[in-house]
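A.B. asks: In this note's numbering, the protein residues as written are 1 to 382.
Built from N, CA and C at the ideal position, the CB exists for glycine as well.
As the structure is a computational prediction, the values presented were derived from the model and not from experiment.
Below is the structure I would like to discuss, written out as structure tokens.
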């Protein structure tokens, strides 16, 4: 019968039986070093590393027993939901007002807390004339959010929502009245105040993005720079990435030509606006025109490896920075904020491609997408 050796390498007793241990004392020392170096590795990864260092192949169960004998334990992170809160602190979210309705399992539906923030914008005002309300305004907004998130056609709305004709009619009426834009403006101010900022920003960032258009028709063009046939979204956001102004044009329209309309819209909403960050497409005469028309400073943020302007450098002060000669990707100050907003917008499938003939409808989808994002933030933090 084979002799069984303990994991710690001590001499076995005369009565011990069984086969010898797979891990010798020298293997235990190497195992301990591996655990200290790779604390988040799995048992199988530790076994593979031990095989690489000692040419010894053992199973994960052997590694587990060895670690248990060494007193090594695996700590699990504590989820914030179950964390102990200090006395007097406020618990955010996950109350009855923040849960989706049980009768409609769609995650795009507004919760009670979300609807409370914007209900007055959609509900009929007292004394307003017209036909009595037949469908709940909340159900109509939920249907619009469902189309925004899934990108489905109006005719393919599930039967749990009101008829698609009623939903589309309400959506068109709200687009004409600018309700989605009003909702975004209100929520943006509330979130800025929540974050300790002024209600209106003093600095903004502008950028444009070209996206495709469906065969549905409507105004479109070809962006020779991006090689995209479709439309172009011109966004002005604050330094937090929250939408201030949006304008949709054909992709063939140059950035400098579409700038006056969207900047005028941003200045009318933010009288405190003093500085505007742009990329190279808005430099030169376009920047001077913005400064003269609105009295705000324009700062063009260019890539350090820009071949047109180059980078000013004094070799007496510091050596040449690698970024000045590197033409690869680089996160540029302030410009990354509006690029992130473009990414936020395209999370909603309806905004990935333009399916509507009218430009104001395409802009309304952007307003609704950004407003739904802020609704989720404000309701969860209320």
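Is the distance from the Cβ of residue 184 to the Cβ of residue 367 below 8 Å?
C.D. replies: yes
A.B. asks: Specify the secondary structure class of residue 254 as computed by DSSP and reduced to three states.
C.D. replies: Reduced to three states, the DSSP call for residue 254 is coil.
A.B. asks: For the alpha helix (DSSP H) that residue 145 lies in, which residues bound it at each end?
C.D. replies: 137-150
A.B. asks: Within 10 Å of its beta-carbon, does residue 291 have 16 or more other beta-carbons around it, so buried, or fewer, so exposed?
C.D. replies: exposed
A.B. asks: What are the complete beta strand (DSSP E) segments, minimum 3 residues, inside the segment 232-309?
C.D. replies: Segments of the beta strand (DSSP E) lying fully in the segment 232-309: 243-250, 275-278, 297-300.
A.B. asks: If you run the structure through DSSP and keep just helix, strand and coil, what is residue 230?
C.D. replies: strand
A.B. asks: Leaving out the 5 sequence neighbours to the left and right, which residues in its chain are closer than 6 Å to residue 363 when beta-carbon positions are compared?
C.D. replies: 246, 248
A.B. asks: What is the DSSP secondary structure of residue 223, counted as helix, strand or coil?
C.D. replies: strand
A.B. asks: Cα separation between residue 273 and residue 303?
C.D. replies: 25 Å
A.B. asks: Under DSSP, the alpha helix (DSSP H) around residue 212 begins and ends at which residues?
C.D. replies: Counting along the chain, residue 212 falls outside any alpha helix (DSSP H), though it belongs to the beta strand (DSSP E) covering 203-212.
A.B. asks: Taking the alpha-carbon positions, what's the residue 74 to residue 25 distance?
C.D. replies: 22 Å
A.B. asks: On the three-state DSSP scale, how would you describe residue 368?
C.D. replies: helix
A.B. asks: Would you call the CB atoms of residue 235 and residue 207 closer than 8 Å?
C.D. replies: yes
A.B. asks: Pick out whichever of 71, 41, 342 has its Cα sitting closest to the Cα of residue 384.
C.D. replies: Outside the shown range of the chain (1 to 382) lies residue 384, about which nothing can therefore be said.
A.B. asks: Applying the criterion that 16 or more other CB atoms from any shown protein chain within 10 Å of the CB defines a buried residue, is residue 21 buried or exposed?
C.D. replies: Result: buried.
A.B. asks: Which class does residue 354 belong to by DSSP, given the choice of helix, strand or coil?
C.D. replies: strand
A.B. asks: Alpha carbon to alpha carbon, how far is residue 229 from residue 154?
C.D. replies: 24 Å
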